[in-house]
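Colleague: In UniProt numbering, the protein residues as written are 20 to 164. Take a look at this one; I'll ask things after.
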Amino acid sequence: APYPLQMQGKVIRGFGRGSKLLGIPTANLPVDDSLAPWIADIEFGVYFGWASLRLPPSCPNQATTSSDTITHSGFSRSEHDEFEADFYGVEMRLLIAGFIREERDYDDLRGLIADIRLDCDVARKSLDREAWALRETGNGTLDGS
Ligand code: ADP
Ligand code: MG
């Protein structure tokens, strides 16, 4: 399917491992293949793009979307301190702009954490560099015009 790929839904609860184990919270979306038919064909891996939350005040965040379920949107808490609180149940939209890398297995958490940080750097740099004509509409949605 052509980029950007879109997906949206309400943020669901996982096992809390992102924060507890990795120190990197990842907001999870349920997979709805009627809304996002491209999911069936996409390669497992790490993707980058934008995430927006329907929260006042809301702003789009750089996202890395990961792996087995394609349901993770990780954006670092340190950069977005306005999201100290949980936002389970909040509507989140993803606009996936491109592919970063395939999935990998890790022997230790340190390697995984290091790679997630790298993924976030790649995502930020890609979104900075590429001329994404995306604007914030002010109501928590992204406007591609
Ligand atoms: P879960 O297993 O439920 O996904 P995580 O430990 O991965 O739990 O944390 C993700 C949750 O943390 C999100 O659903 C959201 O409510 C909250 N959260 C707070 N700040 C952030 C952030 N900057 N990025 C992602 N999630 C965040
Ligand atoms: Mg998570």
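Just so it is clear, CB atoms sit at the ideal spot from N, CA and C, and this is done for glycine as well.
Check the DSSP bridge columns for Ser-71 and list the partner residues they point to.
Modeller: Paired residues: Arg-112.
Colleague: Grouping DSSP H, G and I as helix and E and B as strand, with all else coil, what is Arg-123?
Modeller: Residue state, collapsed to three classes: coil.
Colleague: Give the straight-line distance between the Cα atoms of Lys-29 and Tyr-107, rounded to the nearest whole angstrom.
Modeller: Cα to Cα, Lys-29 sits roughly 7 angstroms from Tyr-107.
Colleague: Looking at the ligand MG, does it come within less than 7 angstroms of Pro-44, judged from the CB to the closest heavy atom?
Modeller: It does: the Cβ of Pro-44 is within 7 angstroms (strictly closer) of some heavy atom of the ligand MG.
Colleague: By alpha-carbon positions, which one of Gly-117, Ala-104, Gln-27, Asp-124 ends up nearest to Ala-142?
Modeller: The option with the nearest alpha carbon to Ala-142 is Gly-117.
Colleague: Buried or exposed, going by whether 16 or more other CB atoms sit within 10 Å of the CB of Arg-123?
Modeller: Label assigned to Arg-123: exposed.
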